[in-house]
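4 protein chains.
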Amino acid sequence: MTDDPVHSNVKDTELIEKRRSQMIQGAITLFKEKGFHRTTTREIAKESGFSIGTLYEYIRTKEDVLFLVCDAIYQQVRERLEAAIDWSSPSVANLKRVIASYFRLMDDMQEEVIIMYQEVKSLKKETKEYVLTKERDMVGMLEKVIVSCLPESISGEDAALIANNIFVQGQMWGFRRWMLQKQFTLETYIERQIHYVMQALSVEEKTTASTE
Amino acid sequence: MTDDPVHSNVKDTELIEKRRSQMIQGAITLFKEKGFHRTTTREIAKESGFSIGTLYEYIRTKEDVLFLVCDAIYQQVRERLEAAIDWSSPSVANLKRVIASYFRLMDDMQEEVIIMYQEVKSLKKETKEYVLTKERDMVGMLEKVIVSCLPESISGEDAALIANNIFVQGQMWGFRRWMLQKQFTLETYIERQIHYVMQALSVEEKTTASTE
Amino acid sequence: MTDDPVHSNVKDTELIEKRRSQMIQGAITLFKEKGFHRTTTREIAKESGFSIGTLYEYIRTKEDVLFLVCDAIYQQVRERLEAAIDWSSPSVANLKRVIASYFRLMDDMQEEVIIMYQEVKSLKKETKEYVLTKERDMVGMLEKVIVSCLPESISGEDAALIANNIFVQGQMWGFRRWMLQKQFTLETYIERQIHYVMQALSVEEKTTASTE
Amino acid sequence: MTDDPVHSNVKDTELIEKRRSQMIQGAITLFKEKGFHRTTTREIAKESGFSIGTLYEYIRTKEDVLFLVCDAIYQQVRERLEAAIDWSSPSVANLKRVIASYFRLMDDMQEEVIIMYQEVKSLKKETKEYVLTKERDMVGMLEKVIVSCLPESISGEDAALIANNIFVQGQMWGFRRWMLQKQFTLETYIERQIHYVMQALSVEEKTTASTE
DNA sequence: CATGAATGAGGGTTCATTCAT
DNA sequence: TATGAATGAACCCTCATTCAT
Numbered sequence: 552m553t554d555d556p557v558h559s560n561v562k563d564t565e566l567i568e569k570r571r572s573q574m575i576q577g578a579i580t581l582f583k584e585k586g587f588h589r590t591t592t593r594e595i596a597k598e599s600g601f602s603i604g605t606l607y608e609y610i611r612t613k614e615d616v617l618f619l620v621c622d623a624i625y626q627q628v629r630e631r632l633e634a635a636i637d638w639s640s641p642s643v644a645n646l647k648r649v650i651a652s653y654f655r656l657m658d659d660m661q662e663e664v665i666i667m668y669q670e671v672k673s674l675k676k677e678t679k680e681y682v683l684t685k686e687r688d689m690v691g692m693l694e695k696v697i698v699s700c701l702p703e704s705i706s707g708e709d710a711a712l713i714a715n716n717i718f719v720q721g722q723m724w725g726f727r728r729w730m731l732q733k734q735f736t737l738e739t740y741i742e743r744q745i746h747y748v749m750q751a752l753s754v755e756e757k758t759t760a761s762t763e
Numbered sequence: 552m553t554d555d556p557v558h559s560n561v562k563d564t565e566l567i568e569k570r571r572s573q574m575i576q577g578a579i580t581l582f583k584e585k586g587f588h589r590t591t592t593r594e595i596a597k598e599s600g601f602s603i604g605t606l607y608e609y610i611r612t613k614e615d616v617l618f619l620v621c622d623a624i625y626q627q628v629r630e631r632l633e634a635a636i637d638w639s640s641p642s643v644a645n646l647k648r649v650i651a652s653y654f655r656l657m658d659d660m661q662e663e664v665i666i667m668y669q670e671v672k673s674l675k676k677e678t679k680e681y682v683l684t685k686e687r688d689m690v691g692m693l694e695k696v697i698v699s700c701l702p703e704s705i706s707g708e709d710a711a712l713i714a715n716n717i718f719v720q721g722q723m724w725g726f727r728r729w730m731l732q733k734q735f736t737l738e739t740y741i742e743r744q745i746h747y748v749m750q751a752l753s754v755e756e757k758t759t760a761s762t763e
Numbered sequence: 552m553t554d555d556p557v558h559s560n561v562k563d564t565e566l567i568e569k570r571r572s573q574m575i576q577g578a579i580t581l582f583k584e585k586g587f588h589r590t591t592t593r594e595i596a597k598e599s600g601f602s603i604g605t606l607y608e609y610i611r612t613k614e615d616v617l618f619l620v621c622d623a624i625y626q627q628v629r630e631r632l633e634a635a636i637d638w639s640s641p642s643v644a645n646l647k648r649v650i651a652s653y654f655r656l657m658d659d660m661q662e663e664v665i666i667m668y669q670e671v672k673s674l675k676k677e678t679k680e681y682v683l684t685k686e687r688d689m690v691g692m693l694e695k696v697i698v699s700c701l702p703e704s705i706s707g708e709d710a711a712l713i714a715n716n717i718f719v720q721g722q723m724w725g726f727r728r729w730m731l732q733k734q735f736t737l738e739t740y741i742e743r744q745i746h747y748v749m750q751a752l753s754v755e756e757k758t759t760a761s762t763e
Numbered sequence: 552m553t554d555d556p557v558h559s560n561v562k563d564t565e566l567i568e569k570r571r572s573q574m575i576q577g578a579i580t581l582f583k584e585k586g587f588h589r590t591t592t593r594e595i596a597k598e599s600g601f602s603i604g605t606l607y608e609y610i611r612t613k614e615d616v617l618f619l620v621c622d623a624i625y626q627q628v629r630e631r632l633e634a635a636i637d638w639s640s641p642s643v644a645n646l647k648r649v650i651a652s653y654f655r656l657m658d659d660m661q662e663e664v665i666i667m668y669q670e671v672k673s674l675k676k677e678t679k680e681y682v683l684t685k686e687r688d689m690v691g692m693l694e695k696v697i698v699s700c701l702p703e704s705i706s707g708e709d710a711a712l713i714a715n716n717i718f719v720q721g722q723m724w725g726f727r728r729w730m731l732q733k734q735f736t737l738e739t740y741i742e743r744q745i746h747y748v749m750q751a752l753s754v755e756e757k758t759t760a761s762t763e
């Protein structure tokens, strides 16, 4: 949200920040419930606590709301993921911790992730790419953590693919909860997935991941 | 599609079959392009080769079309997956072949899979569960193949989770193609994923998976 | 209205003709009252005797209604003007009759002419030009009548300008009625204007124009 | 603008004068481009150089702006017409000069005249009449010039009608420019129209009008 | 006096669905 | 069984106007 691609009639940037944040909050609540297409702009305005007219002072089209929502979600995921990474002391244990943190983050943000999975496609090409770039960045972060934490080097392709697998498996915990969360607790899911990842990375595991 | 949850005014079951098949074909084409919500019933009728009135002789609501489409896609995936499994001679090589076949199948049906990922949520609870059951079955099939093909036994949980991972990674090949298909060819993707799966299953790999 | 630049969803051309005619009728009534901009599409639909949905089966945008209205008005003026011209026996008396007929026509269609004067500018460039062409044609018709009816030849420029003056003075009878119709009856207005025209054309007038 | 039918919250009359003048300037620019209805009050405020809030300190409704604009235009036309009339030495040559001046004035103010022609109808009855009175006055002025300049007397009706014709032909030069300005230069238009007028007034023309 | 954020009625348009033919 | 014209609720968005600061 550093430079803003969504136009607003209002000049006061602090107010924009505030209203947009209300808007995103409201919209996420509704999108969780009914998805983007079934949610009306009036509902968004109401849920956000202001009138339809005011809503349109801060955006230009309904799609802008979707963009702001997607952007905000990615932003949040990214920030929390960054916060979970300790670049100062790379180690396998550290890698495991990062992965576990990421999974817990995905558990926290299940609904948001579902929104992204299902609605990003409704963005127009340009904004969609803008958003997907952020996703790529995050996978890139995981990849870097993997590379830096391993004692032995690994092929770039392997790192990239495993990072991608981790990323997806995190999202799936929420997206396929109707399936997974009936068979697994979050902790066992994390433990098992980390275990597979370690094997894929050919890391000897003496102890199970001691997670937070 | 044995007992049909979608009502039709028309009695002639053969005709129903025929019209629905036209309809599904047309709808998939359109959904690929613009998604379910942005496609109108008129467009579906036109693309299917008949009038809007006729469309409504074979369904009750627009959502019925989505259901038929989802159902048909799953049906097709399932049939092709079943065809790829040779239950008669379980072996690790066989397991690899099944996984590879599944990945190729997902490559073939990328667009359809994307439809499912993005639109199933628009089904109402009841029909959604009906459809998801089919997904569960397919994961179950993979799980059974895994169990039956391994020389040593494996925990049920592991089998289920690994089956799930395979399933998801197959879907992701298409869903995340903007990322994956820039870095990997289908064959390397298959080869690497199978490799990880084998490690997760603690199977010693002497040769690389000879696929197809 | 020979070839139709306004799109319709409905195929039955007779029905289109009928509905459009209802629509034009209704719209003219409303435009007379409140002008194009202050009239809503819903009002047009209601006045035309059908629903808003039906209205939009026969047009694409509100502007289409305006175009149809303008086109219809010009068509009517033109047809009536053509009917008033007797090309077979050109003479000064004949010319006077044509001018008088045109003035009476403008008297009949005062309101419609006002609509044209005030709303044509709201058409988009393309359609506006299409409509204005018709106006040019009509002035051209008057010009041809002038030329053919005069005993002596006259410069083309004079004929064109006088035709234009006649045309405008006809329209002004309605447009400036708040002024003119307080001072003149239609008949005196006609008689005087014809008189001036004859002088401009340097025609000796022995008797006053015996009109009708 | 002596006694003002448009209410303002502000007391300082000089300021009112100043702001209104900015407003009229801005509004005319916009009305020329897009007409009254398609111009928003926000745009008017912006073009005038102040905020929407300030705009509404000096008017009560959007229609007030239209009134001020129409009034200002008529005022200007009137003032320039008055300036062109030299009451001290009535003569046919003088009459011709006045008519020519009026035509040139209309050439200068083409766009403004178009605004008037198309938007006056949007004024409410009361204000519309107020504005039309000014028009009547101007035609009256022309009429008086005609009467006073002619050597022989002429019927009042004739004078009125010819004054009206002159008035309209002046406006039409701009209003029908898409037609007239392709066939005539301003000077030939003036020359010819004056010629016809002189004939209508039964004035022998020895020399053509020597215009400026 | 000046500002500009807030408001919400209302406008144009779409589209799932029905039903007479 | 097939058709397509008719319907109107509902959607997205605009903009004249107000009012607290």
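The listed protein sequences correspond, in order, to chains A, B, C and D. FYI, the numbering for the first sequence is 552 to 763, going by the numbering used here. FYI, the numbering for the second sequence is 552 to 763, going by the numbering used here. FYI, the numbering for the third sequence is 552 to 763, going by the numbering used here. FYI, the numbering for the fourth sequence is 552 to 763, going by the numbering used here. Cβ coordinates follow ideal geometry from the N, Cα and C atoms, glycine included.
Report yes if the CB atom of residue i is closer than 8 Å to the CB atom of residue j, and no otherwise.
i	j	result
Asn716/C	Leu731/D	no
Gly577/C	Ile603/C	no
Tyr740/B	Trp729/B	no
Leu646/A	Val628/A	no
Ile636/D	Val620/D	no
Gln669/A	Gln669/B	yes
Ala710/A	Glu686/A	no
Val664/A	Gln626/A	no
Ala634/B	Ile745/B	no
Ile666/C	Ile579/C	yes
Please list, in chain order, all residues of the same chain as residue i whose beta carbon is under 8 Å from its beta carbon, the five residues on each side excluded.
i	result
Pro556/A	Phe618, Thr678 and Tyr681
Glu614/C	Ser673, Leu674, Lys675 and Thr678
Leu581/B	Thr590, Glu594, Ile595 and Glu598
Phe601/C	Arg570 and Gln573
Glu630/A	none
Going along the chain, which residues of its own chain have a beta-carbon closer than 6 Å to the beta-carbon of residue i, five neighbours each way excluded?
i	result
Tyr599/A	A small fix is needed here, since residue 599/A is Ser in this sequence, not Tyr. If we look at Ser599/A and ignore the five residues flanking it on each side, its Cβ neighbours are Gln573, Met574 and Gly577.
Arg611/A	His558
Met660/A	none
Using CA coordinates, which residue listed in the options is at the minimum distance from residue i?
i	options	result
Val561/B	Tyr607/B, Gly586/B, Lys597/B and Phe582/B	Tyr607/B
Thr605/B	Asp615/B, Arg570/B, Ala623/B and Gly707/B	Arg570/B
Ser639/A	Gly586/A, Ser699/A and Ile666/A	Ser699/A
Tyr653/D	Val754/D, Glu738/D, Arg593/D and Lys585/D	Glu738/D
Glu584/D	Glu630/D, Glu662/D, Ser642/D and Arg611/D	Glu662/D
Ser706/D	Leu701/C, Arg743/C and Val690/C	Arg743/C
Leu683/B	Ile624/B, Asp658/B and Thr612/B	Ile624/B
Val754/A	Arg611/A, Lys733/A, Ile697/A and Phe718/A	Ile697/A
Ser642/C	Lys733/C, Glu703/C and Asp563/C	Glu703/C
Val748/D	Lys733/D, Thr736/D, Asp658/D and Leu701/D	Leu701/D
Glu708/D	Phe735/C, Tyr609/C and Asp659/C	Phe735/C
Asp658/D	Phe718/D, Glu565/D and Asp563/D	Phe718/D
Excluding sequence positions up to five away, which residues of its chain have a Cβ less than 7 Å from the Cβ of residue i?
i	result
Ala751/C	Ile713
Phe587/A	Leu617, Glu670 and Ser673
Leu632/D	Tyr653, Leu656, Met689 and Met692
Phe726/A	Val664, Ile665 and Tyr668
Thr592/C	Ile603, Leu606 and Lys613
So does residue i have its beta carbon nearer than 7 Å to some heavy atom of the ligand MN?
i	result
Ile713/C	With respect to small molecules bound, the structure shown includes none, and the ligand MN cannot be examined in it.
**Request:** Taking only runs that begin and end inside the region 641 to 694 of chain C, name each unbroken beta strand (DSSP E) of 3 or more residues, in chain order.
**Result:** none
**Prompt:** Where are the alpha helix (DSSP H) runs, 4 residues long or more, that stay fully inside the region 708 to 739 of chain B, in chain order?
**Reply:** 728 to 734
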